[in-house]
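Yeah, the sequence shown ends on 187 if you go by my numbering, and it's all consecutive. Each residue gets a CB set at the ideal place from its N, CA and C atoms; glycine is no exception. Small disclaimer: the values here were computed from a predicted structure and weren't measured. Each remark here refers to the structure printed beneath this line.
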Amino acid sequence: GSGRGPLDGTLGENGIKALEAELSIGEEGDPTARVESDLKGVTVLYVGGRPGLIDQLKKIVTKRGGTLLSHDGGIEENLAALPGLVSQAAVAFFPIDCVSHSAVGQIKKSCRDGHKSFIPLRTASVASFMAAIGNHAQL
49 GSGRGPLDGT LGENGIKALE AELSIGEEGD PTARVESDLK GVTVLYVGGR PGLIDQLKKI
109 VTKRGGTLLS HDGGIEENLA ALPGLVSQAA VAFFPIDCVS HSAVGQIKKS CRDGHKSFIP
169 LRTASVASFM AAIGNHAQL
(Lines of atoms letter the chains of each structure in order from A and count residues from 1; the text may use other names and numbers.)
(Lines give C-alpha, C1' and ligand atoms only; values in the text may rest on other atoms or scores of the structure.)
Protein backbone atom coordinates (compact mmCIF):
# COMPACT_ATOMS: atom_id res chain seq x y z
CA GLY A 1 0.00 0.00 0.00
CA SER A 2 0.91 3.64 -0.38
CA GLY A 3 0.47 4.33 3.34
CA ARG A 4 -2.20 6.93 2.67
CA GLY A 5 -5.44 7.07 4.60
CA PRO A 6 -8.83 7.77 3.09
CA LEU A 7 -9.07 11.29 1.74
CA ASP A 8 -12.30 12.26 3.43
CA GLY A 9 -11.48 15.89 4.09
CA THR A 10 -10.32 15.34 7.67
CA LEU A 11 -6.84 15.43 9.10
CA GLY A 12 -7.03 11.87 10.39
CA GLU A 13 -5.39 10.71 13.62
CA ASN A 14 -1.80 11.35 12.47
CA GLY A 15 -2.65 14.78 11.11
CA ILE A 16 -4.36 15.76 14.35
CA LYS A 17 -1.38 14.55 16.40
CA ALA A 18 0.99 16.50 14.14
CA LEU A 19 -1.16 19.63 14.42
CA GLU A 20 -1.36 19.29 18.21
CA ALA A 21 2.42 18.84 18.38
CA GLU A 22 2.93 21.87 16.15
CA LEU A 23 0.57 23.92 18.30
CA SER A 24 1.91 22.24 21.45
CA ILE A 25 -1.51 21.89 23.02
CA GLY A 26 -0.62 18.62 24.69
CA GLU A 27 -1.44 18.19 28.36
CA GLU A 28 2.08 19.00 29.57
CA GLY A 29 3.21 22.06 27.64
CA ASP A 30 6.88 22.89 27.25
CA PRO A 31 7.33 26.40 28.68
CA THR A 32 10.33 26.94 26.40
CA ALA A 33 8.30 26.18 23.27
CA ARG A 34 8.04 29.16 20.94
CA VAL A 35 4.57 30.67 21.05
CA GLU A 36 3.38 32.01 17.70
CA SER A 37 1.87 35.21 19.05
CA ASP A 38 1.52 36.03 22.72
CA LEU A 39 -1.97 37.35 23.40
CA LYS A 40 -0.66 39.45 26.32
CA GLY A 41 -3.87 39.43 28.33
CA VAL A 42 -6.17 40.11 25.37
CA THR A 43 -9.77 38.92 25.72
CA VAL A 44 -11.36 37.39 22.63
CA LEU A 45 -14.94 36.25 22.07
CA TYR A 46 -15.89 33.11 20.14
CA VAL A 47 -19.56 32.81 19.17
CA GLY A 48 -20.94 29.52 17.86
CA GLY A 49 -18.98 26.33 17.41
CA ARG A 50 -19.38 23.14 19.40
CA PRO A 51 -18.83 22.54 23.14
CA GLY A 52 -15.78 20.27 22.65
CA LEU A 53 -14.20 22.86 20.36
CA ILE A 54 -14.73 25.68 22.86
CA ASP A 55 -12.84 23.70 25.53
CA GLN A 56 -9.88 23.27 23.16
CA LEU A 57 -9.90 26.94 22.15
CA LYS A 58 -10.00 28.04 25.80
CA LYS A 59 -6.90 25.94 26.51
CA ILE A 60 -5.07 27.42 23.52
CA VAL A 61 -5.98 31.04 24.32
CA THR A 62 -5.15 30.59 28.02
CA LYS A 63 -1.81 29.01 27.15
CA ARG A 64 -1.03 32.01 24.96
CA GLY A 65 -1.80 34.45 27.77
CA GLY A 66 -5.27 35.54 26.70
CA THR A 67 -8.85 35.01 27.84
CA LEU A 68 -11.54 33.38 25.71
CA LEU A 69 -15.15 34.31 26.27
CA SER A 70 -17.66 32.10 24.49
CA HIS A 71 -21.31 32.10 23.54
CA ASP A 72 -23.09 29.25 21.78
CA GLY A 73 -24.72 31.60 19.29
CA GLY A 74 -28.24 31.30 20.65
CA ILE A 75 -28.72 27.53 20.93
CA GLU A 76 -29.12 27.55 24.72
CA GLU A 77 -27.66 30.91 25.67
CA ASN A 78 -29.70 34.08 25.15
CA LEU A 79 -28.60 36.33 22.29
CA ALA A 80 -29.30 39.32 24.55
CA ALA A 81 -26.05 38.44 26.38
CA LEU A 82 -23.94 39.05 23.25
CA PRO A 83 -23.53 42.86 23.47
CA GLY A 84 -22.14 42.53 27.01
CA LEU A 85 -19.68 39.86 25.91
CA VAL A 86 -18.62 41.90 22.87
CA SER A 87 -18.00 44.90 25.16
CA GLN A 88 -15.54 42.81 27.23
CA ALA A 89 -13.62 41.46 24.22
CA ALA A 90 -11.03 43.04 21.93
CA VAL A 91 -12.27 41.02 18.98
CA ALA A 92 -15.10 38.59 18.19
CA PHE A 93 -14.67 35.41 16.13
CA PHE A 94 -17.48 33.30 14.70
CA PRO A 95 -17.45 30.20 12.47
CA ILE A 96 -19.82 30.83 9.57
CA ASP A 97 -20.67 27.11 9.37
CA CYS A 98 -21.78 26.81 13.01
CA VAL A 99 -23.55 29.96 14.16
CA SER A 100 -27.06 31.36 13.69
CA HIS A 101 -27.80 34.18 11.29
CA SER A 102 -29.36 36.21 14.11
CA ALA A 103 -26.23 35.78 16.26
CA VAL A 104 -24.05 37.04 13.39
CA GLY A 105 -26.28 40.11 13.01
CA GLN A 106 -26.05 40.80 16.74
CA ILE A 107 -22.23 40.38 16.74
CA LYS A 108 -21.77 42.73 13.77
CA LYS A 109 -24.05 45.39 15.28
CA SER A 110 -22.43 45.18 18.73
CA CYS A 111 -18.92 45.27 17.25
CA ARG A 112 -19.74 48.28 15.08
CA ASP A 113 -21.37 50.10 18.01
CA GLY A 114 -18.35 49.41 20.23
CA HIS A 115 -15.72 49.93 17.49
CA LYS A 116 -14.53 46.32 17.87
CA SER A 117 -13.29 43.91 15.21
CA PHE A 118 -15.21 40.81 14.20
CA ILE A 119 -13.61 38.00 12.26
CA PRO A 120 -15.70 35.39 10.43
CA LEU A 121 -14.03 31.97 10.33
CA ARG A 122 -14.60 29.54 7.48
CA THR A 123 -15.19 26.58 9.80
CA ALA A 124 -15.71 25.75 13.45
CA SER A 125 -12.25 24.25 13.94
CA VAL A 126 -9.07 24.72 15.93
CA ALA A 127 -7.12 25.19 12.67
CA SER A 128 -9.26 28.08 11.38
CA PHE A 129 -9.15 29.79 14.78
CA MET A 130 -5.37 29.38 15.03
CA ALA A 131 -4.92 30.77 11.52
CA ALA A 132 -7.10 33.78 12.37
CA ILE A 133 -5.24 34.48 15.61
CA GLY A 134 -1.96 34.17 13.72
CA ASN A 135 -3.17 36.64 11.09
CA HIS A 136 -4.38 39.08 13.71
CA ALA A 137 -1.33 39.06 15.97
CA GLN A 138 -1.84 42.78 16.47
CA LEU A 139 -4.91 42.11 18.63
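Item                                                                                                         : Value
Range of the contiguous beta strand (DSSP E) that encloses A140                                              : V139 to P143
DSSP beta-bridge partners of H195                                                                            : Nothing can be reported for residue 195, as the shown portion of the chain is limited to 49 through 187.
Expected contact under 8 Å - CB spacing of L169 and F142 to nearest Å                                        : 7 Å
Separation of K157 from V134, as counted between CA atoms                                                    : 10 Å
Own chain residues within Cβ distance below 7 Å of G122, not counting five before or after                   : S148, S150 and A151
Buried/exposed call for A137, threshold 16 Cβ in 10 Å                                                        : buried
Residue(s) in a DSSP beta bridge with P168                                                                   : F142
Three-way DSSP call (helix, strand, coil) for H149 in this model                                             : helix
Bounding residues of the alpha helix (DSSP H) (the contiguous stretch that carries N183)                     : V174 to N183
Residue range of the alpha helix (DSSP H) that includes G162                                                 : It is not in any alpha helix (DSSP H) - G162 carries neither H nor E in the DSSP assignment.
C-beta atoms of G97 and S118 nearer than 9 Å                                                                 : yes
A179 classed as buried or exposed, judged by whether at least 16 other C-beta atoms fall within 10 angstroms : exposed
Cβ neighbour criterion (16 or more within 10 Å) applied to G128                                              : Sequence check: residue 128 is Ala here, not Gly. With fewer than 16 Cβ atoms within 10 Å of its Cβ, A128 is classed as exposed.
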